[in-house]
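**Q** Supplied in structure tokens, the structure appears directly below.
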Amino acid sequence: MPVPFGATWGTLCERCEELPEDATLITPLASRRFQIVDVQEPRIIIEDTDSSDSQPLDREQFEALAEHTHEALDGFELDRLPPKAEPYAAVLALHPRYVLDEREGTLTELDEVDESAVLDDAPHLSMSAGGDDEQESEREEPDIDVYADMLLLIDVLEREEMSAFDEVETSALINLYTLLSDVQRNANDLRKDVTDVLLDRVQHDRPAHGQYGSVQRTTRQNRSLKDDETVLEAFEDTGIDRDRLVGVDRGKVDEALDVVSVPESAVYDVSESEYVRKADVDEERKETRLQGLKDRLAVSDDPEAEVLRQEIDRLEQEIEELTKFSPGSAFADSAE
1 MPVPFGATWG TLCERCEELP EDATLITPLA SRRFQIVDVQ EPRIIIEDTD
51 SSDSQPLDRE QFEALAEHTH EALDGFELDR LPPKAEPYAA VLALHPRYVL
101 DEREGTLTEL DEVDESAVLD DAPHLSMSAG GDDEQESERE EPDIDVYADM
151 LLLIDVLERE EMSAFDEVET SALINLYTLL SDVQRNANDL RKDVTDVLLD
201 RVQHDRPAHG QYGSVQRTTR QNRSLKDDET VLEAFEDTGI DRDRLVGVDR
251 GKVDEALDVV SVPESAVYDV SESEYVRKAD VDEERKETRL QGLKDRLAVS
301 DDPEAEVLRQ EIDRLEQEIE ELTKFSPGSA FADSAE
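Residue numbers (the UniProt record's numbering): 1 to 336.
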């Protein structure tokens, strides 16, 4: 039996009124940014942050969307919405009974209200007005290692023709490889830090959504054998021969090879593969190049410099989004 919409509407209006004045919502399909500017009994008024056009969202339409969502067994498919109706889904998802899954493209009604849901976890919701020019100018460079390496990597990719690696000079490839390695390492470190925070915020049964993806808390079981005596005692009365449980210890094999004349190939399958590894990084030169790049961009009136400045701003925004919502899919290898 569906919940009476009067109660749902009252809660939804309260959630909208609790939003900060600069909170911005994003439609799930078209990524249209808008703000809630007024909450009235029969409607909610929104304003497009780009065009400043206002639009009333009527209570009756919210009720119709809630009914369709209740009737959909696997969630209401968002692509069934007319373009101008997308804001209804983003706003209705502020209610703790509704979940908007960006990856699946659905709006789902929960059987029970998620009392643990907070506005910070609402889908497609930014607590600051991302399109404000004044805010853009006041943004500061994030103090994270991967940011500087990403700027240098972008610079290399734009200065070199990377469509045909066979034609690129060796020194340029070495620069590219070094920066890619640094970006990968620092990005993994940053992802682990983000994951540690997300583990305290994401629930097992409720996916959390961001503009670029969704995450969900997952449990992975890791196994490691107890000490030999404990394991052997556990199987002692089962009829299994102890010899079947005692395997070859690689460490002891290596110790034996050091003192006897048995060739390594007799106990190991040996193969060789060649690879490139980073041997050294000139951090001072990287810092000098990075500072020069920033200084040149700061004073240049060249149209291409403006394009790069915009690209850096876009990169900063993506990094900020990723530090809020990270896939968090990295796991430590299980011990065997």
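The C-beta atom is built at its ideal place from N, Cα and C for all residues, glycine as well.
Any contact of the stretch 70–80 with the stretch 94–110, i.e. 3+ C-beta pairs under 8 Å?
**A** In short, these stretches touch, since the Cβ pair count reaches three.
**Q** Could you give the distance in angstroms between the alpha-carbon of Ser54 and the alpha-carbon of Arg201?
**A** Walking along the sequence shown from the start, residue 54 turns up at place 54. Walking along the sequence shown from the start, residue 201 turns up at place 201. Approximately 34 Å between the Cα atoms of the pair.
**Q** Determine the extent of the beta strand (DSSP E) in which Ser51 is found, giving its start and end residues.
**A** Residue mapping note: residue 51 aligns to position 51 of the sequence shown, counting from 1. First-last for Ser51: undefined, no H or E at that position.
**Q** Mapping the DSSP letters down to three states, classify Glu77 as helix, strand or coil.
**A** One-based indexing of the sequence shown puts residue 77 at position 77. Note: Glu77 maps to strand in three-state DSSP.
**Q** Relative to the alpha-carbon of Ala7, which residue among Val262, Glu233, Arg217 and His95 has its alpha-carbon at the smallest distance?
**A** One-based indexing of the sequence shown puts residue 7 at position 7. Taking only the C-alpha atoms, the option nearest Ala7 is His95.
**Q** In the structure shown, what three-state DSSP assignment does Gln216 receive?
**A** Counting from one through the sequence shown, the residue named residue 216 turns up at place 216. Coil, per DSSP.
**Q** Going by beta carbon distance, what residues of the same chain come within less than 8 Å of Ala256, once the five residues before and after it are set aside?
**A** Numbered from its first residue, the sequence shown carries residue 256 at position 256. The answer, listed in chain order, is Val262.
**Q** Taking 8 Å as the threshold (C-beta atoms), are Thr69 and Tyr98 in contact?
**A** On the sequence shown, residue 98 is found 98 positions in, with the first residue counted as 1. On the sequence shown, residue 69 is found 69 positions in, with the first residue counted as 1. Yes, they are a contact pair.
**Q** Determine the closest residue to Asp196 out of Thr178, Asp182 and Thr218, with distance taken between C-alpha atoms.
**A** Position 196 of the sequence shown, counting from 1, holds the residue named residue 196. Selected option, being the one with the closest Cα: Thr218.
**Q** Using CA coordinates, which residue listed in Thr11, Val37, Ser214 and Ala64 is at the minimum distance from Pro20?
**A** Locating residue 20 in the sequence shown gives position 20, counting from the first residue. Taking only the C-alpha atoms, the option nearest Pro20 is Val37.
**Q** Just mark Gly83 as buried or exposed, buried being the case when its beta carbon has 16 or more other beta carbons within 10 Å.
**A** As a first step, residue 83 is located in the sequence shown; it is residue number 83 there, counting from the start. Per the sequence presented here, residue 83 reads as Pro, with Gly not at that position. Answer is exposed; the Cβ neighbour count stays below 16.
**Q** May I ask you to report which of helix, strand or coil DSSP gives Ala208?
**A** Reading the sequence shown from its first residue, position 208 is the one you call residue 208. Reduced to three states, the DSSP call for Ala208 is strand.
**Q** Using a 10 Å radius around the Cβ and a threshold of 16 neighbouring Cβ atoms, would you call Gln35 buried or exposed?
**A** Locating residue 35 in the sequence shown gives position 35, counting from the first residue. It counts as buried.
**Q** Below 6 Å CB to CB, which residues in the same chain sit around Thr108 once its five sequence neighbours on both sides are set aside?
**A** For the purposes of this step, residue 108 is taken as the residue at position 108 of the sequence shown. For Thr108, where only same-chain residues beyond five positions count, the Cβ hits under 6 Å are Gly75 and Val99.
**Q** At what residues does the beta strand (DSSP E) containing Arg33 begin and finish?
**A** On the sequence shown, residue 33 is found 33 positions in, with the first residue counted as 1. Counting along the chain, the beta strand (DSSP E) containing Arg33 begins and ends at Arg33 to Val39.
**Q** Mapping DSSP to helix, strand and coil, what is Arg43?
**A** Counting from 1 along the sequence shown, the entry for residue 43 is found at position 43. Of the three classes helix, strand and coil, the one that applies to Arg43 here is strand, per DSSP.
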